[in-house]
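Keeping their order, the protein sequence lines are chains A and B. First residue of the first sequence: 168, per my numbering; consecutive thereafter. First residue of the second sequence: 11, per my numbering; consecutive thereafter. Written below as structure tokens is the structure these notes are about.
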Amino acid sequence: MKNNSVKTIVAIGIGAALFFVLGRFVAIPSPVPNTNISTQYGLLAFMCALFGPIAGALIGLIGHALIDFSYGWGIWWSWVVASAVFGILMGLVSRRLHLADGEFGKKDIVTFNLFQLAAHAIAWGIVAPVLDIVMYAEPANKVFLQGAVGGLANIVTTAVIGTLLCVAYAKARPKKGSLKEER
Amino acid sequence: MRNIFNYVDRPSPIHRLTGATKLVCLLLWSFAAMLTYDTRLLAVLPVLSLGMFMLSRIRLKDVSFMLGFTVVFMVLNNVLVFLFAPQHGVSLYGTRHKLFSLGGNYVVTAEQLFYHLNLVLKYLATIPIVLLFVCTTNPSEFAASLNRIGVKYSVACAVALALRYIPDIQREYHDISRAQQARGIEMSRKQSLVKRLRSAGAILIPLILSSMDRIETISNAMSLRGFGKNKKRTWYMGRRFTAADFAAMAFCALLLAASLWLNRVNGGRFWNPFQ
Chain A
168 MKNNSVKTIV
178 AIGIGAALFF
188 VLGRFVAIPS
198 PVPNTNISTQ
208 YGLLAFMCAL
218 FGPIAGALIG
228 LIGHALIDFS
238 YGWGIWWSWV
248 VASAVFGILM
258 GLVSRRLHLA
268 DGEFGKKDIV
278 TFNLFQLAAH
288 AIAWGIVAPV
298 LDIVMYAEPA
308 NKVFLQGAVG
318 GLANIVTTAV
328 IGTLLCVAYA
338 KARPKKGSLK
348 EER
Chain B
11 MRNIFNYVDR
21 PSPIHRLTGA
31 TKLVCLLLWS
41 FAAMLTYDTR
51 LLAVLPVLSL
61 GMFMLSRIRL
71 KDVSFMLGFT
81 VVFMVLNNVL
91 VFLFAPQHGV
101 SLYGTRHKLF
111 SLGGNYVVTA
121 EQLFYHLNLV
131 LKYLATIPIV
141 LLFVCTTNPS
151 EFAASLNRIG
161 VKYSVACAVA
171 LALRYIPDIQ
181 REYHDISRAQ
191 QARGIEMSRK
201 QSLVKRLRSA
211 GAILIPLILS
221 SMDRIETISN
231 AMSLRGFGKN
241 KKRTWYMGRR
251 FTAADFAAMA
261 FCALLLAASL
271 WLNRVNGGRF
281 WNPFQ
């Protein structure tokens, strides 16, 4: 499997590009005015499940930093780091799933969603607000509420879009051992 | 397709600096502005950054679109801080000078206003520099500069790939989205939230599955050309440092040092005029 490292690098590049396009241009209006639902975390969770923690962390880091650059408000480091942390934690699920072999059953759906729940809770419930307080000295109740709202929205989008993507991808892959030798 | 990162090609002293220099300066500058809440330094930084903006010959109308987002973001953040913690300034500075009351807990104090002034100054100190970086750095040179400042070339190449494929993926997204809308998919406010998410899925699935094929093709092409065989790579867009580059980096390092020194002198991140 020598090809794997090159493939991971390309996956990081294309993944970050997808993350950017979804985050920047695919805005689903939410019930709260001026807030859009970020679909990119569903994609990130799927890429993590397929390519592992290192790819996940870098896709989150590069993709989020590029989005911030393109808006020109400077890089909001605390949230960029939280995206990377989500990538690392979510990437741990890749060892338990065999998406590339076309396996994604009911049990895998549960595993995937338990992991994304925990990863989002840590990234937006702890990492992002704590870094906001340490780096920018913002008031605690504001950043924890922002983190909670953002985290909850991300959990819902990941549950819907991430799961859909995994199911669709697994269906499109040839199953492991689906070919038998005729005798 | 319009260039999303807004690179403006125009000869100026800032454009002549290498991408690596501008990246280092951006990092040093933004850390200098981030680490301190000393109003004196925060008041100097916006003046300096506006001066550099003039030097770069970037016009206001080149960046007005990005500036709009930033102003909204800045105002929203300030309003949220006040709504959630109207007494944050009091707890930071330890004194309380009441100005007037808006009812309930919302008493406006001099400390709170001073804290907001610092927040706004922080934005004004960093925004022009970020805009400057985005407008004067050729995206193709960006990956080469990442490698120059010590990021592994495989990661730098991943960034280059991302920048290269963003326009392609954007175009593909629009094609798929139009095709699906023609088949009756609705993503506007008229639909319920779950329906909206599901229809987003109907667009994203073809987009992402075709991107997976793209990953396969590109990585095969790169392996065939021996990518990743050697420890080092040269860059087509890489440039040598000149005296101006070293001067710019030294200046920004000085700013960071000043910021750290002020934090020591003030005995914390805040400069307190109320005591």
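Ideal placement from N, C-alpha and C gives every residue a C-beta, glycine not left out.
When C-beta atoms of the stretch 207-219 of chain A are compared with those of the stretch 197-205 of chain B, fewer than three pairs fall below 8 Å, so the two segments do not count as touching.
Straight across, the Cα-Cα distance linking D299 of chain A with A290 of chain A is about 12 Å. In this chain, T119 of chain B is not harboured by any alpha helix (DSSP H); it is covered by the beta strand (DSSP E) spanning V117 to T119. Bridge pairing for F280 of chain B: B:Y47 [DSSP]. Closer than 8 Å to the CB of T278 of chain A there is not a single CB belonging to chain B.
Taking 8 Å as the CB threshold, M64 of chain B stays off the interface with chain A.
Counting C-beta pairs closer than 8 Å gives fewer than three between the stretch 66-73 of chain B and the stretch 83-92 of chain B, which falls short of the contact rule.
Separation of A288 of chain A and D19 of chain B (C-alpha to C-alpha, rounded to the nearest whole angstrom) is 43 Å. In the structure shown, the three-state DSSP call for L109 of chain B is strand. Burial is judged here by how many other beta carbons sit within 10 angstroms of a residue's own beta carbon; E349 of chain A has fewer than 16 and is exposed. Identification of residues in the stretch 314-337 of chain A having a C-beta nearer than 7 Å to some C-beta of chain B yields T324, V327, I328, L331, L332, A335 and Y336, given in sequence order. Contact with chain B is found for V193 of chain A, since one of that chain's Cβ atoms lies less than 8 Å from the residue's Cβ.
With respect to G258 of chain A, G209 of chain A sits apart: the two C-beta atoms are not nearer than 8 Å. DSSP places F79 of chain B in the uninterrupted alpha helix (DSSP H) bounded by L70 to F94.
In summary, R158 of chain B is buried, with 16 or more beta-carbon neighbours lying within 10 Å of its beta-carbon over all protein chains present. Relative to the Cα of G61 of chain B, the nearest Cα in the group B:G78, B:A135 and B:P96 belongs to B:A135. Taking 8 Å as the threshold, the shortest C-beta distance from I234 of chain A to chain B does not fall below it. For the options A:L189, A:S250 and A:E270, the alpha carbon positioned closest to that of P341 of chain A is the one of A:E270. Annotation note: the stretch 188-275 of chain B contains the following uninterrupted alpha helix (DSSP H) runs of length 4 or greater, listed N- to C-terminal: 203-234 and 253-275. Close CB contacts of V100 of chain B within its chain, under the 8 Å cut and outside five residues either way in sequence, are with R106, T119, E121 and Q122 (chain order). Residue burial is scored here from C-beta neighbours: F110 of chain B has fewer than 16 other C-beta atoms within 10 angstroms and is therefore classed as exposed.
Residue burial is scored here from C-beta neighbours: W243 of chain A has at least 16 other C-beta atoms within 10 angstroms and is therefore classed as buried. For E348 of chain A, the secondary structure class from DSSP, reduced to helix, strand or coil, is coil. Within the same chain, and ignoring the five residues on either side of Y163 of chain B in sequence, the residues whose Cβ sits closer than 6 Å to its Cβ are N157 and R243. Per DSSP, the unbroken alpha helix (DSSP H) holding A285 of chain A starts and ends at K273 to I289. DSSP places P149 of chain B in the uninterrupted alpha helix (DSSP H) bounded by P149 to R158.
If you draw a straight line from the Cα of A268 of chain B to the Cα of K338 of chain A, it is about 58 Å long. Using a CB distance below 8 Å, the part of the stretch 55-84 of chain B facing chain A consists of V73, M76, L77, F79, T80, F83 and M84, ordered along the chain. The contact set of L312 of chain A on chain B, defined by CB atoms closer than 8 Å, consists of F94 in chain order.
Any Cβ of chain B closer than 8 Å to the Cβ of Y208 of chain A would place that residue at the interface, and such an atom is absent. Around the beta carbon of A170 of chain B, a 10 Å sphere encloses 16 or more other beta carbons of the protein chains shown; the residue is thus reported as buried. Annotated three-state conformation of E305 of chain A is coil, per DSSP.
DSSP places I242 of chain A outside both helix and strand once states are collapsed to three, so it counts as coil. Cβ-Cβ distances below 7 Å link S187 of chain B to I213 in the same chain, with the five nearest sequence neighbours on each side left out; the list follows chain order.
Beta-bridge analysis with DSSP links E270 of chain A to A:H265. Among the CB atoms of chain B, one or more fall inside 8 Å of the CB of M302 of chain A.
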